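Going down the list, the sequences are from chains A and B.
Residue 150 in my numbering is what sits at position 160 of the first sequence, and the numbering runs on without skipping anything.
Residue 90 in my numbering is what sits at position 100 of the second sequence, and the numbering runs on without skipping anything.
Number of protein chains: 2
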Amino acid sequence: MVNLGVLVSGSGSNLQAIIDNIEAGRVDANIKIVISNVPDVYALERAKKHGIPSRVIPHRGLKREEYDQKLVEALRDQGVELVVLAGFMRIITPVLLRAFPLRVINIHPALLPAFPGTHVWQTQIDYGVKFAGCTVHFVDEGTDTGPIIIQAVVPVYDDDTADTLNARILKQEHKIYSQAIQMYAEGRLEVQGHRVLAKGMPKAPDSFMINPPAKILE
Amino acid sequence: MVNLGVLVSGSGSNLQAIIDNIEAGRVDANIKIVISNVPDVYALERAKKHGIPSRVIPHRGLKREEYDQKLVEALRDQGVELVVLAGFMRIITPVLLRAFPLRVINIHPALLPAFPGTHVWQTQIDYGVKFAGCTVHFVDEGTDTGPIIIQAVVPVYDDDTADTLNARILKQEHKIYSQAIQMYAEGRLEVQGHRVLAKGMPKAPDSFMINPPAKILE
Chain A
-9 MVNLGVLVSG SGSNLQAIID NIEAGRVDAN IKIVISNVPD VYALERAKKH GIPSRVIPHR
51 GLKREEYDQK LVEALRDQGV ELVVLAGFMR IITPVLLRAF PLRVINIHPA LLPAFPGTHV
111 WQTQIDYGVK FAGCTVHFVD EGTDTGPIII QAVVPVYDDD TADTLNARIL KQEHKIYSQA
171 IQMYAEGRLE VQGHRVLAKG MPKAPDSFMI NPPAKILE
Chain B
-9 MVNLGVLVSG SGSNLQAIID NIEAGRVDAN IKIVISNVPD VYALERAKKH GIPSRVIPHR
51 GLKREEYDQK LVEALRDQGV ELVVLAGFMR IITPVLLRAF PLRVINIHPA LLPAFPGTHV
111 WQTQIDYGVK FAGCTVHFVD EGTDTGPIII QAVVPVYDDD TADTLNARIL KQEHKIYSQA
171 IQMYAEGRLE VQGHRVLAKG MPKAPDSFMI NPPAKILE
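Structure below.
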């Protein structure tokens, strides 16, 4: 059983997926606190509905490091072990990372290291990639550069818009974020250099996807 | 029926796959010439075995542009329409690209735009990506930056080496390079900005892959 602190700035659909998976017994974790830097966001409603303590810690007027120090205190107060960023729209500083070394995780809607940053759905469409996906990674001091825990991949279609691609990716986000937390809870994650090995996990099937779909299979 | 010129520098396993798919009637193309910048490579043997004309055009002592001018002449002599780079270890200049606009294609053993350049198998393993793959793209003046025609994706395993990953990717390369040529031959490729649309192709299945494999699927 791992104690989570979930940081949000918006609607919190990944938070909801984690709550649902915990309540269904699929994730051995306990959300000790949901913290938002923005008041009145829907993620706070979600926490309330499920009886999860929440706080607003506004960032206005604070330096990044000062803000992160407040986060560290609030998280430690609740005995948080793993910090889960769920649409938290703030840049994290070493103040938080050093307090929770290899214990801050994030989810990103692209197949990192491709397409870091924000608003990546349209960027991926415009680039013309045939596959997109999402990535759960340990947060380090770069932007979306930390060691990768788990990824999911989906096709991109010629008629996709940012919205349709976002929806396709989000469906996978809701699974892999919970899966990453569960792997952490089971003590399976072993960081070697920039790699994250998943001890004792079965191998993914030796499968493939091709897009556009190949008729030639030899 | 499209006339191909295939440029090689080494063993030519992708050349072999294309030859096999043409001979099996799966690709409506005709290899008019195989050109190597290196003498005595196995790709030349392969051409010979299948009765395909080949030439060695050595690059020594020539500027890149001078070399490409020689290539252009040799390709035009044979009525080549589409230039296929198959392990051709030379940087292409605008001399070739302007003579064959959007008619030079390459295959790269990574999910571009991630991991351009050479020796990318170990780089991908060391980065810790959970998926790798290969990309056929139109060649432009950058390194592996041109518009993407088709991609294939495969999992990366914790116990992979550069060799095992290379083998897994290569299996897909052999399919998608022929598929890309066939889509070109069928007149399906429509370049819009940096995107390549595949007119009239069926959609790839709305599928996904997760690695490490998720037990949580909701």
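Note that CB positions come from ideal geometry on N, CA and C, so glycine has one too.
Small disclaimer: the values here were computed from a predicted structure and weren't measured.
query                                                                                                         : result
When A:Leu86, A:Ile81, A:Arg80 are compared against Ala64 (chain A), the one with the closest alpha-carbon    : A:Leu86
Neighbouring residues, chain A, relative to Asp148 (chain B) (Cβ below 7 Å)                                   : Leu187, Ala188
Proximity test, Cβ basis, 8 Å: Lys165 (chain B) and chain A                                                   : yes
Backbone secondary structure at Ile95 (chain B) - three-state DSSP                                            : strand
Cβ-Cβ separation, Lys161 (chain A) to Ile206 (chain B) (assumed contact under 8 Å), whole Å                   : Not a contact, Cβ separation roughly 13 Å.
Element boundaries [beta strand (DSSP E), containing Gln182 (chain B)]                                        : 179 to 182
Within chain B, partners of His184 (chain A) - CB distance below 9 Å                                          : Asp116, Tyr117, Gly118
Assumed close pair Ala170 (chain B), Val126 (chain B) - CB separation to whole angstroms, cut-off 8 Å         : 4 Å
Alpha carbon of Gly183 (chain A) to alpha carbon of Ile138 (chain A), nearest angstrom                        : 11 Å
Residue environment, Lys195 (chain B), which counts as buried when at least 16 other CB atoms sit within 10 Å : Correcting the residue identity first, residue 195 (chain B) is Pro in this sequence and not Lys. Exposed: under 16 other Cβ atoms inside 10 Å.
Span of the beta strand (DSSP E), counted from its first residue to its last, around Arg185 (chain B)         : 185 to 188
Within 9 Å of chain A by C-beta, residues of the stretch 93 to 108 of chain B in sequence order               : Leu101, Leu102, Pro103, Ala104, Phe105
CB contact check: Asn201 (chain B) to chain A, cutoff 8 Å                                                     : yes
Within-8 Å CB hit, Val74 (chain A) to chain B                                                                 : no
Member of A:Gln59, A:Glu55, A:Val73 whose CA lies at the smallest distance from the CA of Asn(-7) (chain A)   : A:Val73
Short-range partners of chain B found in the stretch 5 to 19 of chain A, where Cβ spacing is below 9 Å        : Ala7, Asp10, Asn11, Ala14, Arg16, Val17
Helix, strand or coil at Val119 (chain B) [DSSP, three-state]                                                 : coil
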